[in-house]
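**Student:**
Residue numbers (the working numbering): 1 to 619.
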């Protein structure tokens, strides 16, 4: 079986290529610089295509690292038939303000990194007298882009590198190509409206990430331009000012060379992953930099009240505001902007404007670059912000703060309800009777072990990714044909009130089937059907408890891609009470769930109120 090594493959274009090649039967080696929670998920997804997948750590800018992980790939997978040089970073800034180290770091990662990996791979390909090398460049390497002299230079260098190497190794049956993407459909660009995409497509060919890879030829059938003729902007009767003119501070931080994974204590390091979807700082998974590194830092030190904006990657544009009072020192990394306003607007006002639906659309629309796209400083500064008179700003901010305070109070209520619910669930564990899931279920199985051929519509097809927050996500599903459904349903035909348990990914989380419709499931989901004397709602709440989920996690098998096997699920014991007690338990839990649901609806209403408040500024 052929082997592909992809650098920087944890997200974006690299991830799409890795998945694409795995579906074509390639064993995959994923190079990554630092660990993240997405790695094992990606490995799992790739191995579902019945191929091998190895994770090889290393910094492409360090020659010794590339020498090691190339050797590691060959030792584990036997060869390297395809190399995709995708790893890249951005550190955007006008040349006048660009630091020498920022220029050098981009060149070292993007261009020197391509040399380092290729240098170590090419000797193996020469011996084999075959191979494919694909270097991911960028349209800005052809046309340039303001604020990206370092990135453009690195990507232009890759094109020259590719042309020269192709001539050197063609006689050994080694093909070397470069791809210069422009506007790529990723999570980053999905948020753009159709009319914006249509306007962009007049100048830039819009393609899917999975369409980028063609080892035989690369075709550009449209002229390329970086000019968007139509801009997303705030519509307001008030005067607009450039964001740059509203700021006293706009800066990014940094991390020590080699990353932060080895530091277990010190000063908290803040990256894009710490900016929550709820626009609040999320410090569940703290990372650190040494105190002396923090003390020497000239930029990136976070103060109370600061606004943080994720600068690049799939998270570009995410925003949060630091509480006015903080008890811990924090340092932003190179992927996060810190902004502080001047006397023209308040921090709160700007945060609410940029955090609105329209504000998020505008930030996302200002993402540019390929591979790891991002928002450069000049684009950020040029965003037009409506600036009403101070009294209007104050009125707007006052109402916004009131809404946020109301949300906070409701969220505290929800927390109390969950505590009440957990107490009720934990009380069941005092019973003397415990049974295995195999004893209380008439059926425990999983879905198809083969990756199906998906269709645009047809019969819903669920996997572990569809079990979210202990519910089934029916909005983001895949489909299979009726013909394939007939075949798959012979193994298992899930039905109303069955319980689905995630066997990998969010391992152990369960949801109840709440729709009486035909659907199929993947091997990543276990299907449980309880016996007549056991209420599925009772079982669902018990197995979703922290106690039982920890039991599931302790039974996980596998290092690279953890998996919860069916036989391990079957042997898990849960407390079982008599039928009347089950009914009472389900009723009491249902009352609490209804209270939580009402609170969640109140929050949605407050979100609507916030958007109405935004409309007072932005029509």
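C-beta: ideal position from N, C-alpha, C; glycine also.
#1: What span of residues does the beta strand (DSSP E) with residue 519 cover, start to end?
#2: Determine which residues share a DSSP beta bridge with residue 135 and list them.
#3: Is DSSP giving residue 498 helix, strand or coil here?
#4: Quick one: residues in its chain with C-beta nearer than 6 Å to the C-beta of residue 59, no 5 flanking neighbours on either side, listed in chain order?
#5: Taking just the CA atoms, how far does residue 328 sit from residue 451?
#6: With 16 as the cutoff for other CB atoms within 10 Å, does residue 78 come out buried or exposed?
#7: Are there three or more Cβ pairs, one per stretch, closer than 8 Å when the region 411-427 is compared with the region 515-524?
#8: Among residues of its own chain, excluding the 5 on either side of residue 39, which ones have a beta-carbon nearer than 7 Å to its beta-carbon?
#9: Is it buried or exposed for residue 532, if we count other Cβ within 10 angstroms and need 16 for buried?
#10: Express the C-alpha separation of residue 605 and residue 357 in angstroms, rounding to a whole number.
#11: Do you know how far the Cα of residue 243 is from the Cα of residue 341?
#12: Taking C-alpha atoms, which residue in 312, 305 and 334 lies nearest to residue 323?
#13: Alpha carbon to alpha carbon, how far is residue 590 from residue 472?
#14: Can the beta-carbon of residue 2 be found closer than 8 Å to that of residue 108?
#15: Name, in chain order, the residues that DSSP records as bridge partners for residue 511.
#16: How do the region 591-611 and the region 427-441 stand: do at least 3 beta-carbon pairs fall below 8 Å, yes or no?
#17: When you compare only the Cα positions, how much space is there between residue 544 and residue 339?
#18: Excluding five sequence neighbours on each side, which residues of the same chain lie with their C-beta closer than 7 Å to the C-beta of residue 595?
#19: Quick check on DSSP: helix, strand or coil for residue 410?
#20: List in chain order: all unbroken alpha helix (DSSP H) runs of 4+ residues lying wholly within the region 15-64.
#21: Can you tell me whether residue 405 is buried or exposed? The criterion is at least 16 other CB atoms within 10 Å of its CB, across all chains shown.
#22: Since residue 332 is in the beta strand (DSSP E), which residue starts that stretch and which ends it?
#23: Would you call the region 439-450 in contact with the region 520-529, where contact means no fewer than 3 C-beta pairs closer than 8 Å?
#24: Using only the alpha-carbon positions, how far apart do residue 560 and residue 43 sit?
#25: Measuring CA to CA, which of 496, 453, 130 and 569 is closest to residue 435?
#26: Quick check on residue 453: does DSSP put it in helix, strand or coil?
#27: Cutting at 6 Å between CB atoms, please list the residues of its own chain near residue 189, excluding the five before and the five after it.
#28: If you run the structure through DSSP and keep just helix, strand and coil, what is residue 405?
#29: Distance, Cα to Cα, residue 614 vs residue 476?
#30: Evaluate residue 453 with the Cβ neighbour count: other Cβ atoms within 10 Å of its Cβ, from every protein chain shown; 16 or more gives buried, anything less gives exposed.
#31: Apply the 10 Å Cβ neighbour rule to residue 524 and answer buried if 16 or more other Cβ atoms are within range, or exposed otherwise.
#32: For residue 315, collect the residues of the same chain with a Cβ closer than 6 Å to its Cβ; drop the 5 residues on either side in sequence, then sort them by chain order.
#33: Where does residue 148 land, buried or exposed, given buried means 16+ other C-beta within 10 angstroms?
#34: Only counting the same chain, and skipping five residues up and downstream in sequence, which positions put a Cβ closer than 8 Å to that of residue 585?
#35: Could you tell me the distance, in whole angstroms, from the CA atom of residue 281 to the CA atom of residue 125?
#36: Given residue 399, which residues of its chain have a CB within under 7 Å of its CB, disregarding the five upstream and five downstream residues?
**Tutor:** The structure says:
#1: Locating residue 519 in the chain shown gives position 519, where the first residue counts as 1. Counting along the chain, residue 519 sits inside no beta strand (DSSP E), nor does DSSP assign it H or E at all.
#2: Sequence index remark: in the chain shown, residue 135 carries index 135 (1-based). Residue 135 is bridged to 85 and 178.
#3: Counting from one through the chain shown, the residue named residue 498 turns up at place 498. DSSP, reduced to helix, strand and coil, places residue 498 outside both helices and strands of the structure shown, so it counts as coil.
#4: Here residue 59 corresponds to residue number 59 of the chain shown, with the count starting at 1. The answer, listed in chain order, is 33 and 65.
#5: In the chain shown, residue 451 corresponds to position 451, counting from 1. In the chain shown, residue 328 corresponds to position 328, counting from 1. The C-alpha of residue 451 lies about 47 Å from the C-alpha of residue 328.
#6: Your numbering for residue 78 matches position 78 in the chain shown. Its Cβ having fewer than 16 others within 10 Å, residue 78 is exposed.
#7: Remark: fewer than three beta-carbon pairs, one from each stretch, lie closer than 8 Å, so the region 411-427 and the region 515-524 are not flagged as touching.
#8: Taking the chain shown and counting its residues from 1, the one referred to as residue 39 is at position 39. For residue 39, same chain residues with a beta-carbon under 7 Å away, outside a window of 5 residues either side, are 10, 32 and 55 in chain order.
#9: To locate residue 532, count along the chain shown from 1; it is residue 532. Under the 10 Å beta carbon count, residue 532 is surrounded by fewer than 16 other beta carbons and is classified as exposed.
#10: Residue numbering aside, residue 357 sits at position 357 when the chain shown is read from its first letter. Residue numbering aside, residue 605 sits at position 605 when the chain shown is read from its first letter. In this structure, the CA atom of residue 357 is about 15 Å from the CA atom of residue 605.
#11: Along the chain shown, read from residue 1 onward, the residue named residue 341 stands at position 341. Along the chain shown, read from residue 1 onward, the residue named residue 243 stands at position 243. The C-alpha of residue 341 lies about 9 Å from the C-alpha of residue 243.
#12: For the purposes of this step, residue 323 is identified with residue 323 of the chain shown, where counting begins at 1. Ranking the options by Cα distance to residue 323, first place goes to 305.
#13: Counting from 1 along the chain shown, the entry for residue 590 is found at position 590. Counting from 1 along the chain shown, the entry for residue 472 is found at position 472. Approximately 17 Å between the Cα atoms of the pair.
#14: Translated into positions along the chain shown, residue 2 becomes position 2. Translated into positions along the chain shown, residue 108 becomes position 108. By the CB criterion at 8 Å, residue 2 and residue 108 fall outside the cutoff.
#15: Position 511 of the chain shown holds residue 511. Per DSSP, 500.
#16: At 8 Å Cβ cutoff, the stretches do not touch.
#17: Numbered from its first residue, the chain shown carries residue 544 at position 544. Numbered from its first residue, the chain shown carries residue 339 at position 339. Distance between the alpha carbons of residue 544 and residue 339: 41 Å.
#18: On the chain shown, residue 595 is found 595 positions in, with the first residue counted as 1. Only 417 meet the Cβ criterion.
#19: Walking along the chain shown from the start, residue 410 turns up at place 410. Annotated three-state conformation of residue 410 is helix, per DSSP.
#20: When DSSP assignments are scanned along the region 15-64, the uninterrupted stretches of alpha helix (DSSP H) that are 4 or more residues long and fall wholly within it turn out to be 38-47.
#21: For this step, residue 405 is matched to residue 405 along the chain shown. Residue burial annotation: residue 405 is exposed, with fewer than 16 other C-beta atoms found within 10 angstroms of its C-beta.
#22: For the purposes of this step, residue 332 is identified with residue 332 of the chain shown, where counting begins at 1. Unbroken beta strand (DSSP E) run through residue 332: 330-332.
#23: Yes, since at least three Cβ pairs between the region 439-450 and the region 520-529 fall closer than 8 Å, the two stretches touch.
#24: Residue 560 sits at position 560 when you count from the first residue of the chain shown. Residue 43 sits at position 43 when you count from the first residue of the chain shown. Low local confidence applies: a pLDDT of 44 at residue 560 is under 50, so the model's placement there is unreliable, and no value is given.
#25: As a first step, residue 435 must be located in the chain shown, where it is residue number 435. Considering only 496, 453, 130 and 569, the residue with the shortest C-alpha distance to residue 435 is 569.
#26: Taking the chain shown and counting its residues from 1, one reaches residue 453 at position 453. Note: residue 453 maps to coil in three-state DSSP.
#27: Residue numbering aside, residue 189 sits at position 189 when the chain shown is read from its first letter. With a pLDDT of only 35 at residue 189, under 50, the local geometry of the prediction cannot be trusted, and the value read off the model is given with reservation. Same-chain partners within the cutoff: there are none.
#28: Within the chain shown, residue 405 is the residue found at index 405, counting from 1. Residue state, collapsed to three classes: helix.
#29: If you number the chain shown from 1, residue 614 lands on position 614. If you number the chain shown from 1, residue 476 lands on position 476. Those two C-alpha atoms are separated by around 29 Å.
#30: Here residue 453 refers to the residue found at position 453 of the chain shown. That one is exposed.
#31: Walking along the chain shown from the start, residue 524 turns up at place 524. Only buried fits residue 524, as 16 or more other CB atoms lie within 10 angstroms of its CB.
#32: If you number the chain shown from 1, residue 315 lands on position 315. Cβ within range, chain order: 272.
#33: Residue numbering aside, residue 148 sits at position 148 when the chain shown is read from its first letter. The residue is buried, with at least 16 neighbouring Cβ atoms inside 10 Å.
#34: Taking the chain shown and counting its residues from 1, one reaches residue 585 at position 585. Contacts found: 424, 428, 538, 541 and 577.
#35: By 1-based counting over the chain shown, the position of residue 281 is 281. By 1-based counting over the chain shown, the position of residue 125 is 125. Those two C-alpha atoms are separated by around 47 Å.
#36: Residue numbering aside, residue 399 sits at position 399 when the chain shown is read from its first letter. Same-chain partners within the cutoff: 613.
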